[in-house]
Amino acid sequence: MKKVSIYVLTFFTVLIAVSCNTNSEKEAVLAGGYSGPPYTVQLVEYVNEKLPYLHSYTHAIYNDKIIMMGGRTNGLHAIGYKFDQSNSNKTIYVVDTKNWTDPAGWHVYSLPYSNLNFQNNNVDTRHFMANNAEFFTKDSVLYIVGGLLGGIVPTQLNNPKDPQSGIKTLGGPASAGPITLPYFTAIDLPALINQVMNNHKQAMAANAIRQVLDINFAITGGEISLIDTTVYLVFGWNFYVSPGPAGPGDQYSHQIKAFTFTDTGSVLSVSPVTICKTCWDGKVGEDNSGNYRRRDGSLSAMIDPGDGSQALLYYAGVFKNGNNNFDSPVWIGKDAAAEQPFVIRSNVYTCMVVPAYSKANKTSYATLLGGMKNAEYNGGPITKPTELTATNAPVTALDLTGAFTNIPFSNQFTTIMIDSKHNFSQYLLPDSFPKTIQPVILPASPVDTLESATLPVNSVTYNGSESELIWTLKSDRLSNGVIDYDAFIKANPKGAVVGYLHGGILSALTNVFAAKSAHLSIASNRIFAVKIVPVEK
Numbered sequence: 081m082k083k084v085s086i087y088v089l090t091f092f093t094v095l096i097a098v099s100c101n102t103n104s105e106k107e108a109v110l111a112g113g114y115s116g117p118p119y120t121v122q123l124v125e126y127v128n129e130k131l132p133y134l135h136s137y138t139h140a141i142y143n144d145k146i147i148m149m150g151g152r153t154n155g156l157h158a159i160g161y162k163f164d165q166s167n168s169n170k171t172i173y174v175v176d177t178k179n180w181t182d183p184a185g186w187h188v189y190s191l192p193y194s195n196l197n198f199q200n201n202n203v204d205t206r207h208f209m210a211n212n213a214e215f216f217t218k219d220s221v222l223y224i225v226g227g228l229l230g231g232i233v234p235t236q237l238n239n240p241k242d243p244q245s246g247i248k249t250l251g252g253p254a255s256a257g258p259i260t261l262p263y264f265t266a267i268d269l270p271a272l273i274n275q276v277m278n279n280h281k282q283a284m285a286a287n288a289i290r291q292v293l294d295i296n297f298a299i300t301g302g303e304i305s306l307i308d309t310t311v312y313l314v315f316g317w318n319f320y321v322s323p324g325p326a327g328p329g330d331q332y333s334h335q336i337k338a339f340t341f342t343d344t345g346s347v348l349s350v351s352p353v354t355i356c357k358t359c360w361d362g363k364v365g366e367d368n369s370g371n372y373r374r375r376d377g378s379l380s381a382m383i384d385p386g387d388g389s390q391a392l393l394y395y396a397g398v399f400k401n402g403n404n405n406f407d408s409p410v411w412i413g414k415d416a417a418a419e420q421p422f423v424i425r426s427n428v429y430t431c432m433v434v435p436a437y438s439k440a441n442k443t444s445y446a447t448l449l450g451g452m453k454n455a456e457y458n459g460g461p462i463t464k465p466t467e468l469t470a471t472n473a474p475v476t477a478l479d480l481t482g483a484f485t486n487i488p489f490s491n492q493f494t495t496i497m498i499d500s501k502h503n504f505s506q507y508l509l510p511d512s513f514p515k516t517i518q519p520v521i522l523p524a525s526p527v528d529t530l531e532s533a534t535l536p537v538n539s540v541t542y543n544g545s546e547s548e549l550i551w552t553l554k555s556d557r558l559s560n561g562v563i564d565y566d567a568f569i570k571a572n573p574k575g576a577v578v579g580y581l582h583g584g585i586l587s588a589l590t591n592v593f594a595a596k597s598a599h600l601s602i603a604s605n606r607i608f609a610v611k612i613v614p615v616e617k
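Using my numbering, the first residue of the sequence shown is number 81, and each one after it goes up by one.
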């Protein structure tokens, strides 16, 4: 599950009619030579053991500080979504970068969320430990929607020391199972940073955390973006555990919700939620059908290469018909959305996206980093971005058993291109996640009665799922955060770093479900500089 952090304030999106190529893609090399993306993306790893081991967490940037909270401290969940609070991250981290160019020297402060010192007792602070929430930053405020609160194992329910026992819950005693939080929360970043870095010595102001309760916000694993003053809450689900023998349930959104908000710094208020005519697939709740029954995909801002206007693009996601991944993108505008007739062959599960636009080329680009794939490239080694087609990367046949063997973890980077006529294509990059530069410890698993193990240096691990991209590029970005490639490459003819990729799920195998052991995947603290490098002609 994933979400998109937006560090920009305003932009306007217009959806125009799109005409995409069909599933029989064009060849990679057209008359006249290479026609793929003009750049590749490379990672350079740093080592900083002070950084937390997290995935699916919430983060924000304020000046030279990175704030991290919530998320999970274990690896991929087991089949059945056995989330519990023993693996919920209950610590708030503030990373003092001091020097953005040297992540190895970043200093990390931390504070248990239960030690927050604030004057307002009318807010639910469990957002600080939720995973897979949707979030964005505007000015100096972090806004969070929804997120999954891990359940309490039975031995914890009557423990008076449990940090949840003194916190307002949703109408009664703490639930034994996971729930999705129905809140839209605003958090003043300077006040939060001061709390963590000064060990909560001075109480936060009563209005430093503001909150609105609305069942529409009970979403986890969705995506979020801001268009002007309108928040777009894209897909996702409401996961809950029913009392008694009914067990877990899941109500998918099937929708792209929109709402506006007003934040005076003292009071947070929201407008009624609206849904445009094409922003709903007509299905509701636990219905397994519907083209918008999606979660755990990726979302990015885009520039429409046809007219230069702004849009959003949602990439694939799970679970189609309740079993497998989607492989089509969804183009989203201010008042419309449309599934595109194009097959995405890699990076179909939540991963970070680097979007760019070239006015000179009349082309938009989106590079996706790792995650999972649903097609295996069989064309041999490549030295330049190479188009994925039905011939060299056939989509694996659907697995209807629930084993999900057809969407394994991947180290691949791919770039999706959209030309001025709205033809889509996807290119496999020659670069990917590098081998490990230090040993990786896989902890013991009492469930599977497995002992701990250590992967040596230079091991291949699978990364990118549920990681976070910490943008550092200030200039050469358009108003919606998309990289202005023409300006960027003019200023950096040999390429440059645009941000840092941190955390996520690290797996020793391509498919942990097939191995039937979550022991083989962990939360990662790996951090990489993300560098755009032009392709040699």
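All C-beta atoms, glycine included, are put in the ideal place defined by N, C-alpha and C.
DSSP state of residue i, grouped into three classes?
{"i": "Leu250", "result": "Note on Leu250: pLDDT 38, under 50, position unreliable in the model; the coordinate value appears next. Of the three classes helix, strand and coil, the one that applies to Leu250 here is coil, per DSSP."}
{"i": "Pro618", "result": "Not covered by the structure: residue 618. The range shown for the chain is 81 to 617."}
{"i": "Asn491", "result": "strand"}
{"i": "Tyr565", "result": "helix"}
{"i": "His139", "result": "strand"}
{"i": "Asn296", "result": "helix"}
{"i": "Thr534", "result": "strand"}
{"i": "His582", "result": "strand"}
{"i": "Pro130", "result": "Residue identity differs from the one stated: residue 130 is Lys in this sequence, not Pro. Residue state, collapsed to three classes: coil."}
{"i": "Leu549", "result": "strand"}
{"i": "Lys617", "result": "coil"}
{"i": "Ala576", "result": "strand"}
{"i": "Glu606", "result": "In the sequence under discussion, the amino acid at residue 606 is Arg, which differs from the Glu named in the question. Arg606 falls in the coil class under three-state DSSP."}
{"i": "Val276", "result": "helix"}
{"i": "Leu600", "result": "helix"}
{"i": "Thr590", "result": "coil"}
{"i": "Lys515", "result": "coil"}
{"i": "Arg206", "result": "helix"}
{"i": "Ala571", "result": "helix"}
Give me the residue from the options with the minimum Cα distance to residue i.
{"i": "Asp564", "options": "Met148, Lys464 and Met382", "result": "Met382"}
{"i": "Gly544", "options": "Asn167, Ser555, Val578 and Ile602", "result": "Ile602"}
{"i": "Ser231", "options": "Tyr189, Arg152, Gln282 and Ile307", "result": "The displayed chain sequence assigns Gly, not Ser, to residue 231. Considering only alpha carbons, the answer is Arg152."}
{"i": "Tyr137", "options": "His582, Leu586, Phe593 and Ile607", "result": "His582"}
{"i": "Asn318", "options": "Asn212, Asn202 and Pro614", "result": "Asn212"}
{"i": "Tyr320", "options": "Asp330, Val314, Tyr312 and Leu313", "result": "Asp330"}
{"i": "Leu393", "options": "Arg606, Ala417 and Asp387", "result": "Ala417"}
{"i": "Ile607", "options": "Ile585, Phe593, Ser333 and Glu214", "result": "Ile585"}
{"i": "Asp219", "options": "Asp268, Asp182, Leu228 and Gly257", "result": "Asp268"}
{"i": "Leu313", "options": "Asp343, Met277 and Ile355", "result": "Ile355"}
{"i": "Arg290", "options": "Leu306, Ser333, Tyr223 and Glu303", "result": "Tyr223"}
{"i": "Ile146", "options": "Val592, Pro183 and Val311", "result": "Pro183"}
When we look at the beta-carbon of residue i and count the other beta-carbons within 10 Å, is it buried (16 or more) or exposed?
{"i": "Met209", "result": "buried"}
{"i": "Gln335", "result": "buried"}
{"i": "Ser351", "result": "exposed"}
{"i": "Pro519", "result": "exposed"}
{"i": "Gln506", "result": "buried"}
{"i": "Asp384", "result": "buried"}
{"i": "Val655", "result": "For residue 655 there is no data in the structure shown, the boundaries of the chain being 81 and 617."}
{"i": "Val127", "result": "exposed"}
{"i": "Gln199", "result": "exposed"}
{"i": "Ala477", "result": "exposed"}
{"i": "Gly301", "result": "buried"}
{"i": "Val121", "result": "buried"}
{"i": "Asn368", "result": "exposed"}
{"i": "Ala470", "result": "exposed"}
{"i": "Gly579", "result": "buried"}
{"i": "Ser587", "result": "buried"}
{"i": "Val364", "result": "exposed"}
{"i": "Ser547", "result": "buried"}
{"i": "Pro258", "result": "buried"}
{"i": "Ala396", "result": "buried"}
Since residue i and residue j are thought to touch, with beta carbons under 8 angstroms apart, how far apart are those beta carbons, to the nearest angstrom?
{"i": "Tyr445", "j": "Ala455", "result": "The Cβ separation is near 20 angstroms, so there is no contact."}
{"i": "Leu261", "j": "His207", "result": "6 angstroms"}
{"i": "Asn197", "j": "Ala283", "result": "5 angstroms"}
{"i": "Ala271", "j": "Ala286", "result": "That belief does not hold up - the Cβ atoms of Ala271 and Ala286 are roughly 11 angstroms apart, past 8 angstroms."}
{"i": "Gly413", "j": "Ala391", "result": "6 angstroms"}
{"i": "His139", "j": "Asn195", "result": "Not confirmed; about 20 angstroms, so no contact."}
{"i": "Ile498", "j": "Thr443", "result": "7 angstroms"}
{"i": "Asp511", "j": "Phe493", "result": "6 angstroms"}
{"i": "Leu229", "j": "Val292", "result": "Their Cβ separation, rounded to whole angstroms, is 17 angstroms, which puts Leu229 and Val292 out of contact at 8 angstroms."}
{"i": "Pro422", "j": "Ser408", "result": "The sequence given here places Phe at residue 422; Pro does not occur at that position. The pair is a contact, with the Cβ atoms about 6 angstroms apart (cut-off 8 angstroms)."}
{"i": "Gly155", "j": "Asn169", "result": "Wrong, their Cβ atoms sit about 13 angstroms apart, outside the cutoff."}
Could you name each continuous beta strand (DSSP E) segment of 3 residues or more that falls completely within the segment 153-201, going from the start of the chain to the end? 171-176 and 187-192
Enumerate, from N- to C-terminal direction, the unbroken beta strand (DSSP E) stretches of 3 or more residues contained entirely within the segment 434-471. 443-452
Please list the segments of the beta strand (DSSP E) lying wholly inside the segment 358-410, counting only runs of 3 or more residues, in order along the chain. 378-383, 390-395 and 398-400
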